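K.L.:
Quick one: the structure is below, and I'll ask about it shortly.
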Amino acid sequence: MNVTPLGTIGYMFAALAFVYGIRQLGSPATARNGNRVAAGGMLLALFVTELLLGAHNYAFIIPTMLVAAGVGASVSRSVQMTAMPQMVAMFNGMGAGAAMFVGVGDFRDLTSIGNLAPTESITILLSCLIGSLSFTGSGVAFAKLQELMTGRPITYPLQKELNAGLLAAIIAVGIVIVAMGHGIGLVILFIALALVLGVTFVLPVGGADMPVIISLLNSFTGTAAAMTGFVLGNNVLIVAGALVGASGAILTTLMSKAMNRSLANVLFGAFGSVQAGAGAPGTEGGTVRSTTVEDVAALLAFAGQVVIAPGYGLAVARAQHDVKELADQLEKHGVTVKYAIHPVAGRMPGHMNVLLAEANVPYPQLREMDDINPEFNRTDVVLVIGANDVVNPAARNQPGSPIYGMPILNVDEAKTVVVLKRSMATGFAGIDNPLFYEPNTLMLFGDARDSLQSLVAEIKREYPV
Amino acid sequence: MNLLADVGVSNATLAEGLFVFSLAAFLGFVLIGRVPATLHTPLMSGTNAIHGIVLVGALAVAAAAHDVAGDVIAVVAVFLGTMNVVGGFVVTDRMLEMFKKRTPPSAPGTDKDANKPR
Chain E
140 MNVTPLGTIG YMFAALAFVY GIRQLGSPAT ARNGNRVAAG GMLLALFVTE LLLGAHNYAF
200 IIPTMLVAAG VGASVSRSVQ MTAMPQMVAM FNGMGAGAAM FVGVGDFRDL TSIGNLAPTE
260 SITILLSCLI GSLSFTGSGV AFAKLQELMT GRPITYPLQK ELNAGLLAAI IAVGIVIVAM
320 GHGIGLVILF IALALVLGVT FVLPVGGADM PVIISLLNSF TGTAAAMTGF VLGNNVLIVA
380 GALVGASGAI LTTLMSKAMN RSLANVLFGA FGSVQAGAGA PGTEGGTVRS TTVEDVAALL
440 AFAGQVVIAP GYGLAVARAQ HDVKELADQL EKHGVTVKYA IHPVAGRMPG HMNVLLAEAN
500 VPYPQLREMD DINPEFNRTD VVLVIGANDV VNPAARNQPG SPIYGMPILN VDEAKTVVVL
560 KRSMATGFAG IDNPLFYEPN TLMLFGDARD SLQSLVAEIK REYPV
Chain V
34 MNLLADVGVS NATLAEGLFV FSLAAFLGFV LIGRVPATLH TPLMSGTNAI HGIVLVGALA
94 VAAAAHDVAG DVIAVVAVFL GTMNVVGGFV VTDRMLEMFK KRTPPSAPGT DKDANKPR
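Set out below in structure tokens:
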């Protein structure tokens, strides 16, 4: 498309808005404004684009946009906070799908004039390849998080070899297309192979690693958008796509680091498919002590410091408000309450912070892992609510465990650990947790929300201030 | 008429594109460097909305479409792109709503009390 000088200036302001918006998203005080600035930049970019393109086919494009905007807004408004990670995966997949279709559209339009130069074919094929991978990859991530399919890693013999073969086939088809400079049939084959690869490359990744995958696919989609910018000679596409591609890559690395694993290990390690039993002697035969609401209420009411370690189970039970109420009760008794936030607790980094912020938990009470770990030996009671893998001491002392080496919350150093849990089922990584068999661990079985409400009621009744 | 006719990626525009791409990518690396873990989810979601910019590409494809198949491809691309943009920004805004400063008149002093050392 031909960008006029005025259009270029408009795109420049849009690009600046994206940069400034991302910058503001980096601080809690300005984040919301940053998101709005970026949205403003998007509106400007779309407005400029419509002006540049003219009233070509408004008849069906405008209604399409209105319907999509309506559906997008209502879906994202109505979804529960718990389901936010899936939503990000879903919208990411849609952007990726758009990039893929833009690539196909460009290819058809350009080949209607003549054969493509190799540079044109390569950029188009890259947007198709990355877009397709991210499209089906996000679909699988969505299905795993939404529990439409198992969260366990899915492995089969020769998996890596088959994926490598698939990639080789994609590259071979790509080379033929570049050499020919046309051939929509081959492009469709190319895309079909890439769509399959998107599925097979996410299948072996366990549900616990989904945040890393979503972040990686987010980065992919940004890159695919930038590639369409190369094809269309459009700088705002290149800038926004590159910004997302790069920031997504950094975010992915930060998350892998938080789990003390390399990205390669996340992608190819088939996390959790190793059975923990081999490296976990003693846990099978150990005994679990279950406790009652009355006992826990007494423990809590007379504690000096209580640390709450929340996990995905808290989100599932939607118990964030009940946690806050319990904390308020305890503070009335002079108990110091802190929250221990593991970087990958929940299904996304920051998941717990968002949930607890929703329940008005004061920001200073949320402590990050490195901050809280030295405090556990001075803590009387740790309440583990719906967290499992992030408090699993196997990560520290069982070299055979699949999560060995991941930094964890050292809750087992506290005087007493109370684990609120629905059943003895394993966490998302699917491995056994020796913490439950420790002598200082008590299990309070039941729905987290019910247990918390009973605790609040019990403390109010038995230990009035 | 074909609006994409003059779009062809000549080596000159490709080089220019690479120039812009590398600068923007570097900026992206620098921008994210020191973001607290708390904001990783909203940040991922916010950048997720920003790559909805691909909608600009979808609109260009729609403008250049010259047959029914081209129109269908364009409509699907525009639909997906718009969902990405609108859904992405709204979801991010909902997440960040929870970080807003709270001075609820209905429950004065709640936050203050919670922060007070005892």
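Protein sequences, first through last, are from chains E and V. Heads up, the first sequence is in my numbering, so the first residue is 140 and it goes up one at a time. Heads up, the second sequence is in my numbering, so the first residue is 34 and it goes up one at a time. All C-beta atoms, glycine included, are put in the ideal place defined by N, C-alpha and C. All values derive from a computational prediction rather than experimental measurement.
Return yes when the Cβ of residue 374 of chain E is within less than 8 angstroms of the Cβ of residue 576 of chain E, no when it is not.
P.N.:
No. Outside cutoff.
K.L.:
State buried or exposed for residue 255 of chain E, treating a residue as buried only when at least 16 other CB atoms are found within 10 Å of its CB.
P.N.:
Counting Cβ neighbours within 10 Å, residue 255 of chain E comes out buried, since at least 16 surround it.
K.L.:
Could you say which of V:131, V:61, V:93 lies nearest to residue 154 of chain E if we only look at CA atoms?
P.N.:
The candidate whose alpha carbon is nearest that of residue 154 of chain E is V:61.
K.L.:
Let me know if residue 116 of chain V comes out buried or exposed under the rule of 16 or more other beta-carbons within 10 Å of its beta-carbon.
P.N.:
Residue 116 of chain V is buried by the Cβ-count criterion.
K.L.:
Give a yes or no on whether 8 angstroms exceeds the smallest Cβ distance from residue 82 of chain V to chain E.
P.N.:
Taking Cβ atoms only, chain E reaches closer than 8 angstroms to residue 82 of chain V, which makes this a yes.
K.L.:
Pick out whichever of E:186, E:370, E:272 has its Cα sitting closest to the Cα of residue 359 of chain E.
P.N.:
Per the Cα distances, E:272.
K.L.:
Which bits of chain V does residue 542 of chain E rub up against, with CB to CB less than 8 angstroms?
P.N.:
Result: empty, since nearest Cβ-Cβ is about 19 angstroms, beyond 8 angstroms.
K.L.:
Can you tell which of V:88, V:130, V:48, V:81 has the C-alpha that lies nearest to the C-alpha of residue 121 of chain V?
P.N.:
Nearest C-alpha to residue 121 of chain V: V:81.
K.L.:
Quick one: give me the first and last residue of the alpha helix (DSSP H) that residue 88 of chain V is part of.
P.N.:
Residues 87-97.
K.L.:
Name the chain E residues that come within less than 7 angstroms of residue 57 of chain V, Cβ to Cβ?
P.N.:
Going along chain E in sequence order, the residues near residue 57 of chain V (Cβ under 7 angstroms) are 377, 378, 381, 382.
K.L.:
Looking at residue 559 of chain E and residue 587 of chain E, is the spacing between their C-beta atoms short of 8 angstroms?
P.N.:
Result yes, Cβ atoms of residue 587 of chain E and residue 559 of chain E sit closer than 8 angstroms.
K.L.:
With a threshold of 8 angstroms between beta carbons, is residue 269 of chain E in contact with chain V?
P.N.:
Closer than 8 angstroms: no.
K.L.:
To the nearest angstrom, how far is the alpha carbon of residue 47 of chain V from that of residue 102 of chain V?
P.N.:
One C-alpha to the other measures close to 28 angstroms.
K.L.:
For residue 223 of chain E, count neighbouring C-beta atoms within 10 Å of its own C-beta (all shown protein chains included) and say buried if the count is 16 or more, exposed if not.
P.N.:
Buried, since its Cβ has 16 or more Cβ neighbours within 10 Å.
K.L.:
Might you give, ordered along the chain, the residues of its own chain that have their beta carbon closer than 7 angstroms to the beta carbon of residue 468 of chain E, omitting 5 neighbours on each side?
P.N.:
Here the set comprises 595, 598, 599.
K.L.:
Counting only C-beta atoms, is residue 95 of chain V closer than 8 angstroms to chain E at any point?
P.N.:
Answer yes: the Cβ-Cβ gap between residue 95 of chain V and chain E drops below 8 angstroms somewhere.
K.L.:
So, is the C-beta of residue 198 of chain E closer than 8 angstroms to a C-beta in chain V?
P.N.:
No, because no Cβ of chain V sits closer than 8 angstroms to the Cβ of residue 198 of chain E.
K.L.:
Do you know offhand how far residue 507 of chain E's Cα is from residue 392 of chain E's?
P.N.:
Their Cα atoms are separated by approximately 18 angstroms.
K.L.:
Do three or more CB pairs link the segment 291-308 of chain E to the segment 233-251 of chain E at distances below 8 angstroms?
P.N.:
Not touching, per the Cβ criterion.
K.L.:
Given residue 38 of chain V, which residues of its chain have a CB within under 6 angstroms of its CB, disregarding the five upstream and five downstream residues?
P.N.:
Per-residue confidence for residue 38 of chain V stands at a pLDDT of 44, beneath the threshold of 50, marking its modelled position as unreliable; the derived number appears in the next sentence. So the list is empty, once near-sequence residues are dropped.
K.L.:
Against chain E, does residue 108 of chain V count as a neighbour if the rule is that its beta carbon must be under 8 angstroms from one of theirs?
P.N.:
Closer than 8 angstroms: yes.
K.L.:
Which chain A residues are close to residue 101 of chain V, counting only those with a beta carbon under 9 angstroms from its beta carbon?
P.N.:
Absence of chain A from the displayed structure is noted, the protein chains being E and V.
K.L.:
Under three-state DSSP, which class holds residue 413 of chain E?
P.N.:
Residue confidence is low: residue 413 of chain E scores 41 on pLDDT, short of 50, so the model does not pin down where it sits. Its coordinate-derived value is still stated next. The answer is coil: DSSP assigns residue 413 of chain E none of H, G, I, E or B.
K.L.:
So that I know if they touch, is there some Cβ in chain E lying closer than 8 angstroms to that of residue 98 of chain V?
P.N.:
Closer than 8 angstroms: yes.
K.L.:
Is DSSP giving residue 405 of chain E helix, strand or coil here?
P.N.:
Correct three-state label for residue 405 of chain E: helix.
K.L.:
Determine whether the beta carbon atoms of residue 605 of chain E and residue 96 of chain V lie at a separation below 8 angstroms.
P.N.:
Since the first residue shown for chain E is 140 and the last is 604, residue 605 of chain E is missing from the structure and cannot be characterised.
K.L.:
Check the C-beta distance from residue 225 of chain E over to residue 281 of chain E and give it rounded, since I have them as a contact under 8 angstroms.
P.N.:
The pair is a contact, with the Cβ atoms about 5 angstroms apart (cut-off 8 angstroms).
K.L.:
Against chain V, does residue 151 of chain E count as a neighbour if the rule is that its beta carbon must be under 8 angstroms from one of theirs?
P.N.:
Chain V, which has no Cβ nearer than 8 angstroms to the Cβ of residue 151 of chain E, makes this no.
K.L.:
Determine whether the Cβ of residue 91 of chain V lies closer than 8 angstroms to any Cβ atom of chain E.
P.N.:
Yes, its Cβ sits closer than 8 angstroms to a Cβ of chain E.
K.L.:
Can you pull the chain V residues whose beta carbon is under 7 angstroms from the beta carbon of residue 433 of chain E, in chain order?
P.N.:
None at all; the shortest Cβ gap to chain V is about 25 angstroms.
K.L.:
Is residue 167 of chain E close to chain V? Criterion is C-beta to C-beta, closer than 8 angstroms.
P.N.:
Yes, because at least one Cβ of chain V sits closer than 8 angstroms to the Cβ of residue 167 of chain E.
K.L.:
Give me the Cα-Cα distance between residue 311 of chain E and residue 268 of chain E, rounded to the nearest whole angstrom.
P.N.:
Distance between the alpha carbons of residue 311 of chain E and residue 268 of chain E is about 13 angstroms.
K.L.:
Return helix, strand or coil for residue 378 of chain E, following the three-state DSSP convention.
P.N.:
Residue state, collapsed to three classes: helix.
K.L.:
Under 8 angstroms, with one C-beta from each stretch per pair, do the segment 529-549 of chain E and the segment 457-471 of chain E reach the 3-pair mark?
P.N.:
The segment 529-549 of chain E is not in contact with the segment 457-471 of chain E.
K.L.:
With 16 as the cutoff for other CB atoms within 10 Å, does residue 289 of chain E come out buried or exposed?
P.N.:
Classification of residue 289 of chain E: exposed, given that the 10 Å Cβ count is below 16.
K.L.:
What number of angstroms, rounded off, separates the C-alpha of residue 438 of chain E from the C-alpha of residue 520 of chain E?
P.N.:
One C-alpha to the other measures close to 7 angstroms.
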